[in-house]
Every structure is written in structure tokens, then in C-alpha cells.
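Undergrad: Have a look at this one.
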Amino acid sequence: MGFIRSTAALAALPLVFGQNGSSPFNNPGAVSFQTSPPKYPSPWGEGLGDWADAYSQAEAFVSKLTLLEKVNLTTGVGWEGEKCVGNNGAIPRLGFKALCMQDSPLGVRFADFVSAFPAQLSVASTWSRDLFYQRGNAMGSEHRDKGVDVQLGPVVGPIGRAPEGGRNWEGFSPDPVLSGVAVYETVKGIQDAGVVACTKHYVGNEQEHFRQAGANNSEAISSNIDDVTLHELYVWPFADAIRAGTGSIMCSYNQINNSYACQNSYLQNYIMKNELGFQGFIMSDWSAQHSGVASALAGLDMTMPGDVGFDSGTSFWGPNLTIAVLNGTVPQWRLDDMAVRIVAAWYYVDRENNQVENSPTFSSWTQDTYGYSHYYASEGYTLINEHLDVQDDHAELIRKIDADGTVLLKNNGALPLTGKEKLTTVFGSDSGEAMYGPNGCGDRGCDNGTLAMGWGSGTANFPYLITPLEAIKSVVRDNRGSIESVTDDFAYAQQAALAHRVSQTGGACIVFANSDAGEGYITVDGNEGDRNNLTLWHEGDALINNVASQCPNTIVVMHTVGPVLVGNWSDNVNVTAIIWAGIPGQESGNAIADILYGAVNPGGKTPFTWGKTRESYGTDVMYTNNNGQGAPQDNFVEGVFIDYRYFDRFNETPQYEFGYGLSYTNFSYANIKINARSAPAYVPTTGNTPAAPTYGSVSNRTADYLCPPGFHFISAYIYPCLNSTDLATASLEPRYGQNVTINPGEYDSSPQPRLPAGSAVGSGGNAHLYDVLYTVTADVTNTGAIAGDEVAQLYVSLGGPNDPVVVLRNFDRKTIAPGATTTYSFDITRRDLSNWDTAAQDWIISSYTKTAYVGSSSRRLPLSGTLSGANTGTSSGYPPGPTGGSSSASAGSTASSYHHGKPTGTKSWAPPAYTPPGYTTKNW
Ligand code: BGC
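Residues -18 to -1, 1 to 906 in mature numbering (1 follows the signal peptide of the UniProt record, and there is no 0) are what the sequence shown spells out, letter by letter.
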């Protein structure tokens, strides 16, 4: 019943790391075959904080339910059993409709007449809390108006450990704070629209290769992660999502420390539900459930799409959950907790008052107006697509996000264009129409025409896609100019001829190129979800070099899912400007024209590091199984050192550092001030939860749960009822009754100890983590001639030998008029200054000197000051934090780059092994 794996094979495998197989790290918490400790019982929701009302309503509702009705809430009806990508069972007796779970994180997947929003990666590059929220809210309202109950987004796993990771573009950024702020606002936005957000994929779901068992691996990959890294990096943004009130979290396909995510009691029970106080429900990724009783006891609340395999007609839950409650292997309180969590999320976002008639009003499986509501079974022919147009005026928001998120990487004065260029030329298939139309490839599984979305489940259908070429052409036409294009990436002779004409007449050569990625169930051009390399597709380098060899004013625009290597041409004097235009969605062309012609002054900053080589990242996708046919062992040996933290630590010079982006104006930084705020000492949480509640009673007469005689079964549909009063027979499981190992605590319904980092009053962990210890202000002056937006960034050095050189902790985006000075203000919370202490199982502020830096990127930090004077200690006095004293600050007003003043090591330098005091357990 428990899921404990053998520890016998410890130390059997060499670490597989990066491209060269050598690791500069020795991280004892990230080794092959390490295991995940069992943690039971599964915490019951309490209605903490602002969940109280939703819980009272949910508890009242669940009290009225029968066993079968409760089970029906927890289990999907099977793949393509109803109209959404996931659908649980309804409770018709009480008028409770089945929930419709629908992708995606950027718009309503599979539906027509919806908006195709910019991908999360693109909104992240705006660094705008307001746009994070507005995008979430606009997407949420489209889901609501189509009749969706649960939007399957946002994504903070993958976070982006390896730049090649196929789904990184679905997420925000490899920085946990940028990701955390963005997910917080997105969840608020979606849920304020009356739809449940499902934050996914929890956790360590960092690559597509081996995410599920396959031909070369009998089990899914195991992401082997230590306790510190888990807290300080991978779980961090999930904590923000929980604090924002996310109604649901999706557990991922992969294993973490050799235990599948959806039955990992440590991650679900201990961290998510106990430490972080998650009050909503955990939903499995599609077919990510691998057991019945074990996953229930390990904290899973809903299985999707409900069947063991797509349309197998069998389920780990459904009738088997009914059986498990009847035979006592799943206690009633656990089932009641699942049901309460699901219904509470529904009340929490006010689904009651946000219903649309006949929802869902669309079918995921066909765009025909009439068709089968039970698509797989070909039953229930009816009106299935109402073709409701829910786009509202979201196009304007999308265009703004795109323009505000566009990152200007190089500009020698070529931009903005005036529109009066004698000859404008445009190159590359990435500038134009896809030959099959914008939705011509299922789930966008091709790279054809301009790239405005990656591929996989994280997609939506475009209502239209404005191409860069048509938008640029329209500007040129309005200016009575001339424009020609070559959109064949390989027509080198024609490209050169056209580019040569610009060298004769003057004008601009705008070259478009892209790099695509997606979800692993689709392979595009040999890329099985994850990218095979970091170079531009369709020989983009050759295209750019070919144009630049002729044209003295070559402007490169890239649509990419993450970093690409640009060193091949970025220093070419003929390449006069370089732009990263992200993954923009439907308004792509309009937004790039806004930037190119200066209607919008670029203010986006890159949400990831652009390295000079693939190896410079220090992390990579594991492409070949390192464990025979077993579960690949992906050891996250680099700990928290991904992206800019790795570059900083190993003195790798990036091409463009994290947080970098130019403007058509200039900004200078001055006058940092650090104010220690009066905050109470940290108080580790103590005490116990109440005992597990149950709602209503369950009769143990199996005859009460038989499927009604004469009942019409839809083929392959999952029902909660039994086909026999004999439970063994009803289970369809030959191993029924077999002895299993029971983990201590699995059935314990007595009051449970709260964790020190947890909370008795709200979700997101100990409330003191969010106490503001310092407020840092700094002045930014627009020294140029036009108005512009500047994203000022606050970084902190935590000061310890195992800490990154700096970590992002806050940021703000403001518009500054020419000549004007604006003051930015950044709060620094206790969490921002803390490290995870494995021995204490709590956050602590170390006694190392803490320094705040403010500037325009992770490496352009002209202002700095020491953080001192706030109360950084705990009520217990452990560890003794510095108190008293006064803050000091130093400022160099316009320095263009900075040195951290700490040894940063070289590539060959190995940091000391991370062995925190009191480190006792092998895995955590
Ligand atoms: C993906 C999820 C998605 C689900 C339903 C899975 O393959 O990993 O992100 O929500 O499918 O489409």
C-alpha cells in the first residue's frame, strides 16, 4: 500500500550531467536511487484563512452526499467520455454539474472563437504584475464564458532547469521569484473571473524525455532533488500559487526521488498540504496515477482522465475507490477530504454564480456543431458546439503584452525605424503565413510560418494570427513606401539579391527566425518535445548571415521558446539590431510593428539567460536512459544553481544576462535607501490540527452500491458503482486481498502536529515568512529624449558560501517621462532572506551579511547596500540572527556593470559539498 522503493542500489550509477559528463557539484541530496520518505496521514483541509466560507459551504454540501456521489467527484469519466479534456462525475440529485477541466495555460484549448494569448514566457518578459493579472483574468473569463470550471494552468513546473526543456515556454522563467510573482497574479486573475486555476506540474517535471514509461524505460524518470533545492527553487513558486489560493494543483508524470509525483506522500502530504497548507485539491496529470489506495493515502484528490489507460474502461478509483472505502483500505475521512477539497475550490472561486447555460458549450473532440457528447463511445448525438465568441476586446491586451514583453537585445541606432525607409525587406518563413493556416497542425505540432505558440496541450486555436510581414507591410503602405520579402528560408540566392538592393538604395533588412519546442507526445523535426539543440531552426544562422553579408542594416527578430545561440552573427557590424519577440500568440505582427516603428518603446527584459554555448548552462536534458530499461535517474546535482545562478557562480560570461533588455531611451540609477522595518521575530508554528472530520455516514451494505439494474452503460465510461456485491469480483483485480505494507500513520485520524514552517491560520506556509523586513528605495532617471518603461530589479546576496552570488527578490516596471526621476520601492520579506534549514525543517536567516543590489539586470547592479537592523531572528533565538545596528548603502549612480565582490570561482572550481549543520538523513 505504501510506495517504498528499494535503497539497495545506492551509488551504483555515475552522475550524468551536462554535455561533457563531468559535474562540478557534489550534492548529497541528489543521487541516483535515493528514496522519498513516507509521510502520513494525508492532511485534511481545514478551511484555513480565506477558505473558511468555501469550506463551510463545501462541508454542508458533502454531508448530503452518498458514498457513490463522493467517489464520482474524485474520478474522471475516462478519456473523451465527455466534452472537455477532463470531466469528473456529476451529482444530478443535487444539481451539481460535472466539472469541465480544460487546457490550456494560454487560452481555451480546442475551442473556436477564443483568443490565443501570449505564452507565459512572453508575459514573464514584461515583468509587469498588472499584465500578469490582466492576462490571467482575461483568459479566465474566456474559460468561464465557454463553460470551463477548471483551467489547466498556469505552469511553474517545468521552471526551466535545462534550456532545452520542451515545455519551458509554457512556464514563466527559471527564476523562482519571477515565476512566483507571475503565478500569484495569474492565479488571482483566473480565479477572480470565477474559474478554478490548476497550477501545474508538481514537481520536478523538467523534461519531456522519459516523463512517462516508454519503450526505453519501464518507469518514468526520477528527478532526484535535495530538500534545500526543492524548497529554494522548485517548490518556491508553487508556494506562491498556494498563497494566491489556487484551487487545484496538478501532480506531474515524473517520479521525484523514485516515487511517482501523484503518490509521493512526502511531496503531497508533507510539503504541499501540511507545510504549505494547500486547501484545494490535487489532480493527477493525464494517466499520471499509478495506484489506487496508495495514491489516495498519499494525498491525491482527483484522478484524470479517470481511466487506467485512455479508454481502458478500468480505473484505479471509480468503483475501486468505492470498494476501498467499503473494505477500509481508504478511510472515510480521506474520501470526505477529497470531496470537500474539490467542492470547496468550486465555492472559493464562486463557480456557483459563474455558470453558463448548457456548459460546456464546446467539444474538445470535433468542431462540428452536432456530434456525440460521449465522443469515444459515439453516443449522445446532440448540439455540442455552440461556437460562442468569447474573445471580448482581449486582442488589445494581447498586443500590449506582446509589445511590452518584447526584448531589445542589441541596437546600434537602427531602431526605431521611421517608416520612411526607401526599401524595406523582410526575410524568413518566421515572418509569414503558415501554409496550412495558423491552426493547420494539430496542437501546433509543426514549425511552419511565423511561430506564435509552441506545441502540445498548452495551446489554443488562433482566431487569427497577424503575421509580422502583413503588419510591417501595412506600415510601409501607409507611408507610401516599398516592401519586398523572401519567405523561403533556403532561397539563398533570392535573399542575397534582395538584401543587396538595400545596400544600394538604403533601407532595412528585417530577418525573422525561430526555435520551437513542445510537449513530448509530438515530435517535430526530430525534436521529441525537448529541443535537440539551442540553434535557430530552418538554418536560421545561415539565413541571417546570408542577408547580413549583403545588407548593412540587418535587423534580426527571433520568436523562440527560450535561449538560442546567437554568437554566430550577433557581433556582425551589419547586424544593427536584435530583438527577441517571444512566443506572442495572435497579435504577433502588430506588436512587432509597434516595436520596430517605435509606437511602443521596448521595456521587456529577458526572463532567462542567453548563454554563449550550450555547455555554459551546466544543465541539460537527459536524452538517453542512464539506468538500462529502468527509471532514468536524473540527479539535480547543480542544486539551486540554474540559469543566471550557474553563470554567476562559475564566472561564465553570458551573451545576454538574465533581466537584460534595452530601450530606445536610457536610464540611470541613483540614491539607494534601505529602511529596516519593524517586524516581529519569526515564530515557528506549533500545535496540532483538529482530528479528521467525516461528513455524513457510509453504510457498509455493499448492495447499496450496486449499479442499478437495467442501467445503460456508456462504453469505456467510468462509474462509481459496483457490478457485484462481492468486492473482490467487483474490483476486477486478481491481486485483490493481497498483503501490503502499511506505512505508519496512514490511517491515523487523530490531531496531527503542525510543521514549524507551516501555518494554523492561512495557506502558503508560515505567515511570518511574508513579514516585510526591509524596504529598499532607489531613484531611476530617464536620461534620454523619449518616455520609456524601466523594469528596476532588486537582487539580494544571502552571503553564505553555498548561496548564489545574487538572487532576484523583487522588481517593478514604471513608465518614466524624459528627464524625469521616479522612485522605485521594493519590499524584502523574511522569506526573501531565508535559507531552508534541513535539520530544523524550517526557514532560517543565516548570520552571513546580506546585501541588496538594485539595477537594470542581474549583472548591471550599480546600487548596493547592506541589509541590517531588522529583526531577523526567531522567537526561539535559533539561529542567533544579527539585530540592531544600522543600514549602510553605497551607490555608483550610473555604473554599467558590477562585480559582486565575492569569489565566484571558475568553471573548474568545485564549490564545497553542501552539508548543512545537522544534516542527518540521506535524502532530505
Ligand atoms: C499534460 C497536461 C495537460 C493534460 C490534459 C497532459 O499530457 O501534461 O499539462 O493538462 O495532458 O491535456
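Beta carbons: idealized from backbone N, C-alpha and C, even for Gly.
Taking Cβ to Cβ, would you say Gly387 is nearer than 8 Å to Gly564?
TA: yes
Undergrad: Can you find a C-beta in chain C that's less than 8 Å from the C-beta of Thr811?
TA: Structure shown: chain C not included; a single protein chain is present.
Undergrad: Under the criterion of a Cβ to heavy atom distance below 7 Å, does His191 qualify as lining the ligand BGC?
TA: no
Undergrad: Please name the residue or residues paired with Glu167 in a DSSP beta bridge.
TA: Answer is none; Glu167 lacks a bridge partner.
Undergrad: Please classify Pro735: does DSSP put it in a helix, a strand, or coil?
TA: strand
Undergrad: Where do the N-terminal and C-terminal ends of the alpha helix (DSSP H) with Ile526 fall, by residue?
TA: Gly522 to Ala530
Undergrad: Which residue spans inside the segment 778 to 860 form an unbroken alpha helix (DSSP H) run of at least 4?
TA: 812 to 815
Undergrad: Comparing alpha-carbon positions, which option in Lys587, Arg627 and Ala481 lies nearest Ser598?
TA: Selected option, being the one with the closest Cα: Arg627.
Undergrad: Checking the sheet assignment: what are the DSSP bridge partners for Thr57?
TA: Thr285
Undergrad: Taking 8 Å as the cut-off, decide whether the C-beta atoms of Arg483 and Leu405 are in contact.
TA: yes
Undergrad: Would you say the beta carbon of Leu134 is closer than 7 Å to some non-hydrogen atom of the ligand BGC?
TA: Yes; taking the cut-off as 7 Å, the Cβ of Leu134 has a heavy atom of the ligand BGC nearer than that.
Undergrad: When the distance is taken between beta carbons, is Asn206 closer than 8 Å to Gln16?
TA: yes
Undergrad: Express the C-alpha separation of Pro87 and Met540 in angstroms, rounding to a whole number.
TA: 22 Å
Undergrad: Evaluate Gly719 with the Cβ neighbour count: other Cβ atoms within 10 Å of its Cβ, from every protein chain shown; 16 or more gives buried, anything less gives exposed.
TA: exposed
Undergrad: Please report the Cβ distance between Tyr166 and Arg225, rounded to the nearest whole angstrom; I am assuming they are in contact, meaning their Cβ atoms lie under 8 Å.
TA: Contact holds; Cβ gap of about 7 Å.
Undergrad: Quick check: the Cα distance between Ala36 and Asn336, rounded to an integer number of angstroms?
TA: 15 Å
Undergrad: Apart from the five residues just before and just after Gly678, which ones in its own chain have a Cβ nearer than 6 Å to its Cβ?
TA: Ser45
Undergrad: Among Thr833, His125 and Asn617, which one has its Cα closest to the Cα of Ala144?
TA: Asn617
Undergrad: Does the segment 104 to 116 come close enough to the segment 59 to 74 to have 3 or more Cβ pairs within less than 8 Å?
TA: no
Undergrad: Which class does Thr759 belong to by DSSP, given the choice of helix, strand or coil?
TA: strand
Undergrad: If the criterion is Cβ atoms closer than 8 Å, does the pair Asp384 and Ser570 meet it?
TA: yes
Undergrad: Does the structure place the segment 452 to 470 close enough to the segment 572 to 581 that three or more beta carbon pairs sit under 8 Å?
TA: yes
Undergrad: Should Asn514 be labelled buried (16 or more other beta-carbon atoms within 10 Å of its own) or exposed?
TA: exposed
Undergrad: So which of Thr601, His183 and Tyr115 has the shortest CA-CA distance to Tyr235?
TA: His183
Undergrad: Work out the CA separation of Lys79 and Asp131 for me, nearest whole Å.
TA: 10 Å
Undergrad: Work out the CA separation of Leu755 and Val778 for me, nearest whole Å.
TA: 13 Å
Undergrad: Where Val307 and Asp318 are concerned, what is the direct C-alpha to C-alpha distance, given to the nearest angstrom?
TA: 10 Å
Undergrad: Hey, would you say the C-beta of Trp151 is under 7 Å away from at least one heavy atom of the ligand BGC?
TA: no
Undergrad: Is Asn583 near Tyr646, with beta carbons less than 8 Å apart?
TA: yes
Undergrad: Would you kindly report the start and end of the unbroken alpha helix (DSSP H) that includes residue 912?
TA: There is simply no residue 912 to check, as the chain begins at -18 and stops at 906 in what is shown.
Undergrad: If you reduce the DSSP assignment to three classes, tell me which class Ile537 lands in.
TA: strand
Undergrad: Using 8 Å as the threshold, is the segment 405 to 420 in touch with the segment 361 to 369, meaning 3 or more CB pairs across them?
TA: no
Undergrad: Is the separation between the beta-carbon of Trp33 and that of Tyr330 shorter than 8 Å?
TA: Taking the C-beta atoms as reference points, Tyr330 is found nearer than 8 Å to Trp33.
Undergrad: At what residues does the alpha helix (DSSP H) containing Glu452 begin and finish?
TA: Pro450 to Asp460
Undergrad: Let me make sure I understand the geometry here. Which of Gly291, Ala524, Gln314 and Gly489 has the alpha-carbon closest to that of Leu547?
TA: Ala524
Undergrad: So, under 8 Å CB-CB, Ala175 and Arg126 are touching, yes? Tell me the CB distance rounded to an integer number of Å.
TA: 5 Å
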